[in-house]
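Shown next, in structure tokens, is the structure this report addresses.
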Amino acid sequence: MKKSRLVIFALAASLNIGLASPGLAQAQAPATADSPTSSAETYRLLNLFGDVFEQVKAKYVEPVDDKKLIEAAINGMLTSLDPHSSYLDMDNFKDMQVDTRGEFGGLGIEVTQENGFVKVISPIYDTPAEKAGLQPGDFITNIDGKSVRGMPLNEAVDLMRGKVNTDIKLTIVRKGEQAPFDVTLTRAVIKIQSVRPQVKNDVGYIRITKFSEQTFSGLQRAIEEQKKEIGPKLKGFVIDLRNNPGGLLDQAIAVSDAFLNKGEIVSTRPRDTKNTERYSAKDGDLADNLPIVVLINDGSASASEIVAGALQDHGRAIIMGTRSFGKGSVQTILPMPGNVALRLTTARYYTPSGRSIQEVGIVPDIIVPQSKVETIETGQRRSEADLNGALHNEDSAIGDAETQAEKRRQDAEKVTEDDYQLARALDMIRGISLYGGFRSKS
């Protein structure tokens with residue numbers, strides 16, 4: 030039997046397709062919606078694959094490796110399904126496992142494929158990509174001068190990987206820019222601290238940059254530390270999921286559960302809806318039912334959208350910012366012999382109310398585009414104290430109150446200048462607290 034026929038039968042076995050031996054009669058099963066191609070047609074196409082394989086091996090201008098050809102064929106089959114399914118060779122499989130543990134080498138950029146080019150989902154905080162100013166929605170058209178149009182996503186990602194401290198030039202097409210431009214980045218070891226807490230006066234601010242194995246434990250520590258530092262003045266929490274490209278499903282469920290006492294968090298529905306899986310919250314709210322605002326934008330994807338959707342549907346948090354990315358599909362890693370794997374889209378995500386996240390994303394309760402605010406100078410502030418002969422306040426504490434008020438005003442102006450969306454979120458938390466607290470549906 031020719032080598033191509035061996036390839037055909039190996040592929041057929043891996044795909045679990047029953048093939049008749051040549052020359053023997055075979056009963057033909059009718060085509061169905063799940064299997065529209067008959068067994069005979071499938072055999073013919075696999076036979077065609079073997080013929081093409083032979084022609085390439087015999088006549089291509091340069092010698093080609095069998096392994097490379099077959100892996101490229103497998104990857105082409107998977108990438109033709111959707112932008113997130115792919116083949117993971119030994120190196121890529123290892124990199125993926127390291128990535129979910131929160132440490133890997135590269136540029137710190139989450140990408141997908143669209144219209145034949147590499148599209149940025151989100152730069153990861155405090156990485157070369159973020160420091161170079163890459164933005165969600167940017168298209169990468171060339172890597173070190175090499176066009177990526179039509180290139181498999183895994184191959185483009187491989188080009189962006191390399192030795193630490195080596196430079197790489199990306200050509201970027203950005204909405205609003207008249208012409209493509211080049212950005213030079215230096216590769217680095219990416220160590221992701223997925224949870225970054227910060228106290229904003231009387232509000233706890235927690236930025237989650239990615240959902241890795243460290244995320245839920247980091248969130249627990251952050252909340253406890255902020256409770257101790259702020260004390261009884263604590264008015265609530267801002268959870269910042271902007272430019273968070275997602276990550277592990279179990280961590281998204283755990284983060285959602287941290288703020289819910291009961292109810293569904295997310296469901297995953299595969300092709301056979303009888304196998305739908307539902308994940309529910311357990312009793313216990315780490316935030317003690319204090320107000321929560323969740324910030325999202327078009328760089329918030331996948332696991333970020335699960336958290337935002339769950340807290341929104343249960344009325345546990347106010348979602349603020351701009352509409353999220355809309356990646357509502359589940360990828361399952363299927364290990365294969367030889368330390369390789371398939372990343373295969375196997376289901377879709379649905380929020381507790383039954384909304385599909387795919388393409389639509391999460392629409393904020395309050396839409397707040399990122400803006401730059403400039404203070405209008407109106408001259409020196411005027412008050413009663415400026416009037417000739419005005420009575421003096423007998424309360425000696427008035428000076429302290431004025432000092433505190435001025436400090437709060439300066440802090441608020443600084444936050445607004447640096448991050449308008451965050452400033453509005455902090456205002457919302459304080460406003461809810463001022464008018465009697467917050468009660469979620471759950």
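Residue numbers (this note's numbering): 30 to 471. Where a beta carbon is used, it is the ideal one built from N, C-alpha and C, also for glycine.
By the Cβ-count criterion, residue 118 is buried, with 16 or more other Cβ atoms from all chains shown falling within 10 Å of its own Cβ. Secondary structure note for residue 110: it is in no alpha helix (DSSP H), with a DSSP letter that is neither H nor E. With a cut-off of 8 Å on Cβ pairs, the segment 193-202 is in contact with the segment 161-168, counting three or more such pairs.
Secondary structure of residue 68 (DSSP, three-state): helix. Burial check for residue 331: the Cβ neighbour count within 10 Å reaches 16 or more, so the residue is buried. Excluding its 5 nearest sequence neighbours in each direction, residue 177 has C-beta neighbours in its own chain below 7 Å: 146, 147, 169, 170, 171, 185, listed in chain order.
Contact between the segment 348-365 and the segment 309-320 is not established, with fewer than three Cβ pairs separated by less than 8 Å. By the Cβ-count criterion, residue 250 is exposed, with fewer than 16 other Cβ atoms from all chains shown falling within 10 Å of its own Cβ. In this structure, the CA atom of residue 264 is about 34 Å from the CA atom of residue 137. When DSSP states are grouped into helix, strand and coil, residue 346 belongs to the coil group. Nearest to residue 204 by C-alpha distance, out of 97, 389, 149, is 149. Residue 453: not part of any beta strand (DSSP E); member of the alpha helix (DSSP H) spanning 449-463, first to last residue. Taking a 10 Å sphere around the C-beta of residue 211, we find fewer than 16 other C-beta atoms and assign the residue as exposed. Just so you know, the alpha carbons of residue 66 and residue 72 end up roughly 10 Å apart. Straight across, the Cα-Cα distance linking residue 209 with residue 182 is about 20 Å. Exposure of residue 70 is indicated by the presence of fewer than 16 other C-beta atoms within 10 angstroms of its C-beta. In this structure, the CA atom of residue 135 is about 19 Å from the CA atom of residue 180. The continuous stretches of beta strand (DSSP E) do not include residue 250, which lies in the alpha helix (DSSP H) extending over residues 244-259. For the pair of segments examined, the segment 253-269 was found to touch the segment 222-232: the number of CB pairs separated by less than 8 Å reaches three. Taking C-alpha positions only, residue 259 is separated from residue 190 by approximately 42 Å. The three-state reading of DSSP puts residue 182 in helix, counting H, G and I together. For residue 278, the enclosing alpha helix (DSSP H) covers residues 278-286.
The alpha-carbon separation between residue 153 and residue 77 amounts to approximately 44 Å.
Three or more beta-carbon pairs separated by less than 8 Å link the segment 318-330 to the segment 341-354, which places the two stretches in contact. DSSP places residue 159 in the uninterrupted alpha helix (DSSP H) bounded by 157-160. In this model, residue 223 and residue 207 are separated by some 35 Å (Cα to Cα).
Nearest in C-alpha terms to residue 316, of all of 342, 329, 295, 346, is 346. Between the alpha carbons of residue 385 and residue 107 lies a distance of about 23 Å.
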